[in-house]
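Here's the structure, in structure tokens; my notes come after.
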Amino acid sequence: MTDIYSLTPAAAEEYFARHGFSAKAVRNIFTDLYRNGAEHFSAFSATCARLRETLEEEFYFESITLADILQNENTVKYLFKLSDGCFIETVLMKQKYGGSVCISTQCGCNMGCAFCSSGRLRKQRNLTAGEMVLQVLYAMRHGGVKITNITVMGIGEPLDNFDNLCGFLDIASHPFGLEIGSKHITVSTCGIVPKIPLLAKRENPCHLAISLHAPDDELRNRLMPINRSYSLSEVIKAAGQYADTAARKVLVEYIMLDGINDSREQAGQLAGLIGNSRLMVNLIPYNSSPDGEFKRSGERAVAEFYDELKKRGISVTKRKEFGGRLNAACGQLRSDAMRK
Ligand code: SAH
20 MTDIYSLTPA AAEEYFARHG FSAKAVRNIF TDLYRNGAEH FSAFSATCAR
70 LRETLEEEFY FESITLADIL QNENTVKYLF KLSDGCFIET VLMKQKYGGS
120 VCISTQCGCN MGCAFCSSGR LRKQRNLTAG EMVLQVLYAM RHGGVKITNI
170 TVMGIGEPLD NFDNLCGFLD IASHPFGLEI GSKHITVSTC GIVPKIPLLA
220 KRENPCHLAI SLHAPDDELR NRLMPINRSY SLSEVIKAAG QYADTAARKV
270 LVEYIMLDGI NDSREQAGQL AGLIGNSRLM VNLIPYNSSP DGEFKRSGER
320 AVAEFYDELK KRGISVTKRK EFGGRLNAAC GQLRSDAMRK
């Protein structure tokens with residue numbers, strides 16, 4: 020049995036053509052699923068009876084259940100329980116132009132970044148494409164705002180779950196699916212270098228964000244163990260090539276950690292790394308967790324770091340805070356739930 024939410028339009032066309040159904044019939048399945056919001060096959064009204072029978076034999080509806088919710092005026096944080104009991108988090112940020120959903124790609128994470136709560140509890144398993152789709156669908160149906168953007172920046176390392184990520188992106192961006200254009204989708208990675216060109220070569224590539232967080236290998240090895248496999252220079256090179264091949268934005272994410280990576284000299288080093296590539300830097304306020312050893316940088320340090328990058332011709336922005344006060348730092352709700 021296959022989860023219907025993991026079914027991509029291309030795979031559906033091929034599968035149902037083999038069973039003698041037309042492309043139009045396949046289109047009706049997706050209309051029922053995503054436009055009409057059917058949650059079981061008996062509610063499929065556009066799909067013909069014979070096709071419905073085939074569907075019932077081969078497919079089922081995966082589901083996620085809301086286990087907890089936290090919200091303030093512009094952020095909703097969902098904790099979902101998956102059908103096998105694993106927990107994941109999804110965040111909806113409401114902005115003037117619409118809603119942006121931040122989804123998880125794995126239960127836990129094996130990347131072991133020193134500052135991140137998600138990694139404290141190791142990866143239990145990868146999410147399926149359908150479980151990623153369901154997170155967006157939930158926000159679309161219950162968030163009270165039109166969803167215009169998706170960021171793949173929740174729990175997990177998306178490029179460590181590459182095939183399911185690609186299935187999700189196919190469904191998310193397809194006009195039959197969630198219909199969020201690939202220019203409104205950003206995938207964030209800690210820098211699994213060999214997968215970056217594969218993502219760039221996809222039809223309709225999305226935007227890319229690289230979690231850099233350090234301007235030299237020694238510090239990055241300490242903060243992000245993945246750097247021991249793929250060094251800073253390799254990551255920066257792959258990111259630059261992504262911007263060229265995919266003709267999409269590439270954002271360098273840099274969490275500002277007090278006394279660790281936030282000095283003026285380090286801003287200079289970072290500027291040197293970025294050079295004249297088309298990478299843009301986003302400075303991120305750190306969400307500290309109660310048991311964490313890191314603190315967020317002070318306003319003055321952030322302002323100086325920002326000015327130094329600007330002075331050196333780097334395009335840089337400061338991230339607006341959304342979920343911080345909601346205990347919404349990456350993975351914190353999930354760790355709380357698992358502790359209970
Ligand atoms: N594994 C992917 C995506 C998930 S993490 C990646 O590394 O990019 C999403 C982003 O949140 C990353 O930039 C990550 O470094 C950052 N992050 C993790 N913990 C954080 C915290 N406590 N405060 C602020 N950002 C954090």
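Under my numbering, think of the first position of the sequence shown as 20, with each following residue one higher.
Using N, Cα and C, we set each Cβ at its ideal position, and we do this for glycine too.
Apart from sequence neighbours up to five positions away, the residues of its chain that approach G162 with a beta-carbon distance below 7 angstroms are V95, L111 and G118, ordered along the chain. In terms of Cα proximity to R54, the closest of H193, T208 and N223 is H193. Ranked by Cα distance from E198, the options T208, V206 and F187 are led by F187. Relative to ligand 1, I303 has its C-beta within less than 7 angstroms of a heavy atom. Here the region 239-251 makes no contact with the region 282-291; the two share fewer than three CB pairs at distances below 8 angstroms. Residues S123, T124, Q125 and C128 of the same chain have their beta carbon placed closer than 6 angstroms to that of G175, with the five preceding and five following residues left out of the count. Below 8 angstroms, too few C-beta pairs join the region 263-273 and the region 309-320 to call them touching: fewer than three. Taking C-alpha positions only, Q143 is separated from T73 by approximately 33 angstroms. Looking at K330, E237, A257 and F134, the one whose alpha-carbon comes closest to that of R283 is K330. Looking at the DSSP output, R315 sits in a beta bridge with L276.
Separation of the CB atoms of F134 and I274 is rounded to 6 angstroms, and the pair is thereby assigned contact status at 8 angstroms.
Straight-line spacing of the CA atoms in F35 and A265 works out to 31 angstroms. L298 places its beta carbon 8 angstroms or farther from that of A257. Ligand 1 has a heavy atom closer than 7 angstroms to the beta-carbon of S136. Contact annotation: N93 and T147 have beta-carbon atoms that are not nearer than 8 angstroms. Per the DSSP secondary-structure output, F106 pairs in a beta bridge with K100.
Ligand 1 approaches T208 closely enough that one of its heavy atoms is under 7 angstroms from the residue's Cβ.
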